[in-house]
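**Q**
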Amino acid sequence: MQVIWHTLLMKFQIGGVMVTLQGDPSLGKSLVSLKAMIRIVQHEGEALLLEYNHVAAPTSLAHHPIPDSIASLLHQFHALFEQPTGLPPLPHMQPRSHYCSSRRSGSNKCSSVPLLVAAKE
């Protein structure tokens, strides 16, 4: 997989076919409120909400052996840890209260910044 962050370009291979995703720079810094998101869904019929929190490079496991208890879990549930072979299905729209994964007590605001990704016309 190749990612070029400043041009919003991602290239990866699925089943021997090279797939290229090109981001839309106009959406890169667009904050959207829940109210605006609901209006877009009502007008467009559907939308995709992505939430970016953190991306980190994997660390080398050469100096950190995996404990036997963890290794047995990894073996038991190996299908969960395999590389994906395709894209996940689009989720159905969830109720309004599920748009924010976490809320501060007594606050109606999300604790993270949502970004709106919509198809270009």
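Note that full-length UniProt numbering numbers the sequence shown so that position 67 is 67, with each residue one more than the last.
For each residue, glycine too, the CB sits at the ideal point set by N, CA and C.
Since the structure is predicted, the reported quantities are computational estimates derived from the model, not experimental observations.
1) Determine the direct distance from the alpha carbon of residue 23 to that of residue 9, and round the result to whole angstroms.
2) Give the single residue among 34, 83, 1, 65 whose Cα lies nearest to the Cα of residue 51.
3) What's the C-alpha gap between residue 42 and residue 84?
4) Using only the alpha-carbon positions, how far apart do residue 48 and residue 21 sit?
5) What three-state label does DSSP hand residue 31 in the structure shown?
6) Please give the ranges of any beta strand (DSSP E) in the stretch 38-89, keeping only runs that are unbroken, at least 3 residues long and fully inside the region.
**A** Looking at the coordinates:
1) Distance between the alpha carbons of residue 9 and residue 23 is about 6 Å.
2) Comparing C-alpha distances from residue 51 to each of 34, 83, 1, 65 shows the shortest one belongs to 34.
3) For residue 42 and residue 84, the distance between alpha carbons rounds to 32 Å.
4) CA-to-CA, the gap between residue 48 and residue 21 works out to about 15 Å.
5) When DSSP states are grouped into helix, strand and coil, residue 31 belongs to the strand group.
6) Correct list: 48-50.
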